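Structure first, commentary second.
In this note's numbering, the protein residues as written are 2 to 166.
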């Protein structure tokens, strides 16, 4: 009899807690009308600036992870190779980039790429590493962006494009 009374007493608490979790979870998950758009031209002429747009066409804010990153890869020898793109010139004292960017509904995040691959080379006489830049060659590329509807669970979107003559 005591077990039954305890069960009856605790049942409303369990129901209330499970209902609260369900409501909170639903608020954080994307709704069916949440739409994002990642505009990437299928072909970009060699030497032309490349512009990629990530657009929040949803009714909720979206978190973009590493908004300063240009996650671009080139398809070579049957596999994807990360294109090296410096955030900051070699030896420069740059401010750390933001880790995330919040896009409100209808806002967009634009990524510009000058089609240069860049990295730091050997030390020069002045103690600063040489910045090396090479023009990207024609071929198949892809760009990746990581985002989230709840700020925690990462999703990624990848789009392919070609650099042509």
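Note that CB positions come from ideal geometry on N, CA and C, so glycine has one too. Everything numeric in this text was worked out from a predicted model, so none of it was measured.
Return the chain-ordered list of same chain residues with a C-beta closer than 7 Å to the C-beta of residue 64, the five sequence neighbours on each side being excluded. Result list for residue 64: 101, 103, 148, 149 and 152, in chain order.
Between which two residues does the beta strand (DSSP E) containing residue 108 stretch? Residue 108 -> no beta strand (DSSP E), and no H or E assigned at all.
For residue 137, which of 77, 38 and 88 has the nearest alpha-carbon? Comparing Cα positions, the closest option is 77.
With 16 other CB atoms within 10 Å as the buried threshold, where does residue 113 fall? Per the 10 Å Cβ criterion, exposed.
Measure the CB-CB distance between residue 142 and residue 165 and report whether it falls below 8 Å. Cβ distance not < 8 Å, so residue 142 and residue 165 don't count as in contact.
Using the rule of at least 16 other Cβ atoms within 10 Å of the residue's Cβ for burial, across every protein chain shown, is residue 57 buried or exposed? So residue 57 ends up on the buried side.
Rounded to the nearest angstrom, how far is the Cβ of residue 98 from that of residue 120, given a contact under 8 Å? With 8 Å as the limit, residue 98 and residue 120 do not qualify as a contact, their Cβ atoms being about 17 Å apart.
How many angstroms separate the CA atom of residue 86 from the CA atom of residue 132? Answer to the nearest angstrom: the Cα atoms are 11 Å apart.
Among 48, 37 and 38, which has the Cα closest to the Cα of residue 135? Here the closest residue by C-alpha is 48.
Does the distance from the C-beta atom of residue 158 to that of residue 66 stay below 8 Å? Taking 8 Å as the Cβ cut-off, residue 158 and residue 66 do not qualify as a contacting pair.
Spatial neighbours of residue 84 within its chain, please: CB distance less than 8 Å, with the 5 preceding and 5 following residues excluded, ordered by chain position. Answer for residue 84: 71, 73, 74, 75, 118, 137 and 142, listed in chain order.
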